[in-house]
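Residue numbers (mature numbering (1 follows the signal peptide of the UniProt record, and there is no 0)): 45 to 508.
Beta carbons: idealized from backbone N, C-alpha and C, even for Gly.
Just so you know, these numbers come straight off a predicted model, no measurement behind them.
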Ligand code: C2O
Ligand code: CU
Ligand code: CU
């Protein structure tokens with residue numbers, strides 16, 4: 045049981061300055077929820093923010109009534125009854141969305157219990173706000189936290205643990221000179237990118253990289269193997285990460301897990317692309333870095349300040365009993381084959397017109413909570429063919445999936461394992477396969493560029 049009070053506070057993120065935030069429990073990131081597989085956790089959220097909120101556990105296998113449907117609001121004390129009074133596009137909160145209300149909205153006032161069964165493969169999940177039209181600004185202001193599911197089988201593998209297991213929530217933010225967050229960014233270089241006719245159509249970027257809420261942190265540790273559990277919680281920024289020693293060598297990034305848990309066997313990368321909402325479970329061996337030196341985590345896609353992410357200062361040698369990476373990891377990965385699929389669906393993720401302006405559409409339509417886009421009988425296996433115009437990290441609620449093909453070819457090395465978000469690159473298509481099981485009810489799929497999501501790129505998935 046957890047109790048989280050959503051409230052406004054301020055924190056010293058940049059030295060000497062106070063940054064006003066919206067938080068889960070007074071901190072950014074919010075409190076980390078530690079869960080065991082199969083043991084339900086109830087999280088009571090109390091809303092003391094000035095706006096309605098919605099909590100979604102990303103990657104969670106969650107009954108629909110706790111999945112945080114975008115109009116299933118927790119209202120603050122002084123807020124008129126939703127949905128008629130949804131502020132829509134008036135802009136005072138900085139939202140960029142469709143401004144439509146849902147006749148089926150369920151709301152509660154001040155507090156709500158969310159129940160998470162944790163009946164799923166162990167992995168790093170995260171919870172974040174999911175209110176219709178306002179997910180991006182709420183996430184930007186700080187409404188995000190981690191939720192880790194573990195089980196005995198994973199514990200028995202002897203992976204790096206304790207101080208050698210480090211979750212890294214990576215985000216970018218933009219600040220004013222007095223330390224406040226700016227949304228969308230005030231910096232024209234970040235806001236107005238080539239070919240973008242509306243300021244934040246491509247998604248909002250910041251020029252300060254935060255790891256677990258701190259700008260470019262330096263973490264002091266020893267030369268052991270470390271399990272780095274990466275999450276890109278940025279609204280729109282893509283990273284391509286590598287680990288570099290001071291003498292310019294690149295350390296191997298040994299991937300042991302994907303969004304939805306451990307791989308069957310480790311996959312070694314020299315650098316790793318990480319799209320918004322993706323998680324990668326890595327083991328990095330710092331033994332090659334001399335004591336006293338730094339290992340830098342560098343973003344190859346960054347320019348200027350956003351090339352740096354964080355650093356590890358290797359202060360001590362590795363302990364004599366350093367952990368190892370087992371050659372075999374998970375044995376329970378679903379092995380859906382093409383022949384198992386009872387149907388195939390196509391979805392195009394493209395820019396288009398919405399409410400007389402620019403929007404982001406799935407299959408030519410912007411999100412409408414009153415329309416069911418996809419109906420799937422519980423237990424059916426399907427192949428979805430996704431195609432993108434520009435970069436779109438596509439996320440499905442409820443289920444994990446395997447990537448069958450990318451751009452008509454076999455998937456890339458980092459597509460291994462069970463995913464809940466697939467990063468479609470510009471002009472690219474991908475085929476994914478999944479079995480829709482777990483729970484019946486209304487779920488979502490959407491682009492996890494948070495601005496794209498708010499600007500319509502979301503659809504309803506009903507499991508019946
Ligand atoms: Cu991370 Cu529908 O969300
Ligand atoms: Cu999700
Ligand atoms: Cu997108």
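Going by other Cβ atoms of all chains shown within 10 Å of its Cβ, with 16 needed for buried, is residue i buried or exposed?
i: residue 217; result: buried
i: residue 99; result: buried
i: residue 312; result: exposed
i: residue 334; result: exposed
i: residue 130; result: Residue confidence for residue 130 is low, a pLDDT of 48 falling below 50, so the modelled location carries little weight and cannot support an answer.
i: residue 414; result: exposed
i: residue 386; result: exposed
i: residue 116; result: buried
i: residue 154; result: exposed
i: residue 246; result: buried
i: residue 273; result: buried
i: residue 206; result: exposed
i: residue 122; result: exposed
i: residue 325; result: buried
i: residue 134; result: Residue confidence is low: residue 134 scores 37 on pLDDT, short of 50, so the model does not pin down where it sits. Its coordinate-derived value is still stated next. The residue is exposed, with fewer than 16 neighbouring Cβ atoms inside 10 Å.
i: residue 329; result: buried
Which residues does DSSP pair with residue i in a beta bridge?
i: residue 439; result: 465 and 490
i: residue 64; result: 54
i: residue 474; result: 430 and 450
i: residue 259; result: 254
i: residue 157; result: 88
i: residue 445; result: 463
Going by DSSP in three states, residue i sits in which element: helix, strand or coil?
i: residue 330; result: helix
i: residue 115; result: coil
i: residue 337; result: coil
i: residue 151; result: coil
i: residue 484; result: coil
i: residue 245; result: coil
i: residue 174; result: coil
i: residue 400; result: coil
i: residue 71; result: strand
i: residue 352; result: strand
i: residue 390; result: strand
i: residue 345; result: coil
i: residue 317; result: strand
i: residue 323; result: strand
Name the residue from the options whose alpha carbon lies nearest to the alpha carbon of residue i.
i: residue 118; options: 102, 124, 97 and 64; result: 97
i: residue 316; options: 124, 67, 422 and 458; result: 458
i: residue 430; options: 416, 452, 412 and 253; result: 452
i: residue 376; options: 331, 407, 251 and 164; result: 164
i: residue 159; options: 83, 265 and 91; result: 83
i: residue 337; options: 196, 352 and 359; result: 359
i: residue 222; options: 424, 418 and 55; result: 55
i: residue 46; options: 486, 466, 157 and 506; result: 157
i: residue 464; options: 437, 346, 471 and 59; result: 437
i: residue 489; options: 483, 200, 235 and 391; result: 391
i: residue 180; options: 491, 294 and 447; result: 491
i: residue 449; options: 443, 475, 470 and 434; result: 475
If we define contact as Cβ-Cβ less than 9 Å, is residue i a contact residue for chain C?
i: residue 78; result: Reference to chain C is not applicable here, since this structure consists of a single protein chain.
Give, in chain order, every unbroken run of the beta strand (DSSP E) that is at least 3 residues long and sits entirely within the segment 261-311.
262-266, 269-276, 283-289 and 297-302
Tell me the start and end of each unbroken alpha helix (DSSP H) in the segment 186-236 that is at least 4 residues and wholly inside, in chain order.
196-199 and 232-235
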